[in-house]
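Data first, discussion second: the structure below is written as C-alpha cells.
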Amino acid sequence: MDARRGDGYAVSAEFYDLLQAETDRRQAEQRFAEAAARARYAVLDVGAGTGIVTEVLLRASTVPVHAVEPAPAMRAALLSRLAHLGADRRARVTVHPEPFAAAGLAEAADLAVASNMIAGLDPATRRATWRALTAALRPGGLLLFDPPPAHLPTGTEEAQRLGPVRVGPDLYLADVTREPHRGVLRTVFTYRVEREGTVLRQAREAFDLWPAPPGLLAEELRTAGLDVVRAPHPDLMAARRPAA
Ligand SMILES: C[S@@+](CC[C@H](N)C(=O)[O-])C[C@H]1O[C@@H](n2cnc3c(N)ncnc32)[C@H](O)[C@@H]1O
78 MDARRGDGYA
88 VSAEFYDLLQ
98 AETDRRQAEQ
108 RFAEAAARAR
118 YAVLDVGAGT
128 GIVTEVLLRA
138 STVPVHAVEP
148 APAMRAALLS
158 RLAHLGADRR
168 ARVTVHPEPF
178 AAAGLAEAAD
188 LAVASNMIAG
198 LDPATRRATW
208 RALTAALRPG
218 GLLLFDPPPA
228 HLPTGTEEAQ
238 RLGPVRVGPD
248 LYLADVTREP
258 HRGVLRTVFT
268 YRVEREGTVL
278 RQAREAFDLW
288 PAPPGLLAEE
298 LRTAGLDVVR
308 APHPDLMAAR
318 RPAA
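Residue numbers (this note's numbering): 78 to 321.
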C-alpha cells in the first residue's frame, strides 16, 4: 500500500482513530503544542493522517494550519474531524491533497511538524521532502519530526498489540509485527473485530519503513539547506531554515 498510489491506509483508516487517537493525541501535545503556541505565521502538518496532530496544532496555536495529506482514506477521516470542529478553528485550516513535495508551498510557515511519517518515506522521497520543507519554511522557521529507526533489527520484533477497544458488543484490536524485509522494515497491521470470543472479521495492511541513522538524516537536512538544532523533546529531531 502506498500513499502515492492512492490506496495507502485503505484498510488502516477505518481503525486508526479507534486504536491510536488517544495515545497519539497525548504524545502530540507533549511534543508539538509548545512550539505551535509560539508560531506567529502558520504551521505545516506534513502527513496529517486523520488529523489527530492537526487538531492539537489548531488548539495550541492561533495561526493558519496547512494539513498535507495525500491518501484519500486518511483525508476522509481528516475532513470528518474538521467537520466536528468549530467554524472558527476550521477557518484556519487548509487541506492539501498532494504528497508534500508536490504541494508547492513556498515560505508558508514558521513551524513544520512531521509526526509519524518520515520513516514511511523511501530515501529519494525523504530527500525531496527535506528540500520542499526548506522552501516551505520561512527564514528562521523550525521543523520538528520523529526520526525513523536508526537501523534494521536483526530479526522479527515481538508483536505489539493495539487495543482492544470496545464498541458496543465488539472488541477492536490490532497486532503489529515488524521484520526486516529486503532492506526495509516491513510493518504489518492485522486488525480483528471480535464478539464473544469469535472473530467477526479480520483485515491486514503492510507498510514499509526506511531506517536511517541520525548522522545520515543530519547530512540530508544540511544538504537540503536546513541546520540541525537541539530538539525540544527527546523523541524528536529538529532543524531550522537559516535566518535570512
Ligand atoms: C502513520 S500516518 C501519521 C499521521 C499523523 N501525522 C499522525 O501522527 O497521526 C502517516 C501519514 O503520512 C502520509 N504521507 C505519506 N507520504 C506522504 C508524503 N510524501 N507527503 C505527505 N504525507 C504523506 C500518509 O498518507 C499518512 O496519512
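Note that the Cβ used here is the ideal one computed from N, Cα and C, for glycine as well.
Note that this is a predicted model, so its numbers are computed, not measured.
- No Cβ-Cβ contact shorter than 7 Å links T231 with E256.
- Here the segment 195-202 does not lie against the segment 147-159, with fewer than 3 beta-carbon pairs under 8 Å apart.
- Taking the Cα of R204 as reference, the smallest distance to any Cα among Q97, L95 and T300 is reached at T300.
- In this structure, the beta-carbon distance from I129 to A148 does not fall below 7 Å.
- DSSP places D94 in the uninterrupted alpha helix (DSSP H) bounded by S89 to R115.
- If you draw a 10 Å sphere on the C-beta of D94, you find 16 or more other C-beta atoms in it, and that means buried.
- Here A90 has A150, M151 and A154 as same chain residues with Cβ atoms under 6 Å from its own Cβ, once five neighbours each way along the sequence are excluded.
- Between the beta-carbon of F177 and that of T131 there is about 14 Å, and that puts the pair past the 8 Å contact cut.
- Between V265 and the set A283, P241, P291 and L219, the nearest pair of CA atoms involves A283.
- By DSSP's assignment, Y249 forms a beta bridge with V242 and V270.
- Around the C-beta of Q107, fewer than 16 other C-beta atoms lie within 10 Å, and the residue is accordingly described as exposed.
- In this structure, DSSP gives T131 a helical state, which the three-state scheme calls helix.
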